[in-house]
Each structure stands twice: as C-alpha cells, then as structure tokens.
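Peer 1:
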Amino acid sequence: MVFNRFHGDEMAWRKPLGTLSTPRSTSASVSRSMRANKSSGTKPELLLSRLLRKKISKNDLPGKPDFVFPRKKMVVFLHGCFWHRCPQCAFGLPKRNRKFWATKFERNRARDRLVKRELKSMGWRVIEVWEHELKRDPMRVKEQILQH
174 MVFNRFHGDE
184 MAWRKPLGTL
194 STPRSTSASV
204 SRSMRANKSS
214 GTKPELLLSR
224 LLRKKISKND
234 LPGKPDFVFP
244 RKKMVVFLHG
254 CFWHRCPQCA
264 FGLPKRNRKF
274 WATKFERNRA
284 RDRLVKRELK
294 SMGWRVIEVW
304 EHELKRDPMR
314 VKEQILQH
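Under my numbering, the first residue of the sequence shown is numbered 174, with each subsequent residue one higher.
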C-alpha cells in the first residue's frame, strides 16, 4: 500500500493513493447517518477525555493520536470497534457494496499497523484502547493508561 508522504513539519499522513470512490447511498437516512460520523470529538473520546482530565489532542504525529502525553512520550488511540475491526466484537460487513467496505476496512487496519510501527520507531509508546473496553470498564481503562 502506498501513502502520500510529506517530509519536514508538514502532516505525514494523507489518504492512500488510488482511493476508492465512495458508493452512493441508497436512501436519505443512510446518507444522513454516514455524514454524522465524526473523526474527532466522539462520545467515547469525550468520556475518556473527562476521565483522564485531558483534552483531545490536535497534533502532527502520524495517525493523529487521540491523546498525547509528551513527558511520557506516550500516545493513546481510541479505536471504534466497527471502523477498526475489533477482533472481539466481530462485526460483519455491511450488506451493500461489500467489496468497497472490505477494502476500506483492510486499509484502515493496514494504516493502523503502519502508524503504530512508525510511532514506535520515533520512540513513542503506543496504547490502543477499543471502544468496547471503555464502555465495559472506563475506570480500568483510565488506570491502565495512567500506569504506563
């Protein structure tokens, strides 16, 4: 997989080259639902932000981690189980445009692996939290992050 890459202080990650075109939605309700998906400021992120007493980070690190702890050189990614294909939740593919969704999810997972590897090579510790872990036991997630 080839990613557009910039050097220097510019953002390091962009959409993969040769991106798939998004299929047209079949109904107004599906279209509204998909437009409502946010990349930042989601309910799980806001919950974790309150628990950690830390703002959601805006940064130029690869993958744009949700939370950055510069003194500990540690980053936290809060992964949505559906979008990042949580192995425990085992969501199926949407029924329509299955090829598109299978490719999209595989690209998401490949990008997650690549970003994690790059951050580690830069000396950052990477913590990945799954949405279901936060829902099940938020205090445990908080403790695990703060103990690192």
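We put the CB at the ideal spot given by N, CA and C, even for glycine.
This structure is a prediction, so every number in the text was calculated from the model and none was measured.
(1) Candidates Leu225, Leu220, Lys246 and Leu234: which alpha carbon is nearest Leu287's?
(2) By the three-class DSSP mapping on this structure, what secondary structure does Trp303 have?
(3) Do Phe250 and Pro238 have their C-beta atoms within less than 8 Å of each other?
(4) Can you give the Cα-Cα distance for Lys188 and Gly236, rounded to whole angstroms?
(5) Short of 7 Å in beta carbon distance, which residues of its chain neighbour Lys246, apart from the five on each side in sequence? Order them along the chain.
(6) Please look up how many angstroms separate the CB atoms of Cys259 and His305, rounded, as I've assumed it's under 8 Å.
(7) Excluding the 5 residues flanking Ser222 on each side, which residues of the same chain have their C-beta closer than 6 Å to its C-beta?
(8) Where DSSP assigns a beta bridge to Met247, which residues make up the other side?
(9) So if DSSP puts His252 in a beta bridge, which residue, or which two residues, is it bridged to?
Peer 2: This is what the structure holds:
(1) Leu234
(2) strand
(3) yes
(4) Its pLDDT being 48, under 50, Lys188 is placed unreliably by the model, and nothing is read from it.
(5) Gly296, Trp297 and Arg298
(6) Taking the Cβ atoms as the reference, Cys259 lies roughly 6 Å from His305, within the contact range of under 8 Å.
(7) Ile229
(8) Phe242 and Arg298
(9) Trp303
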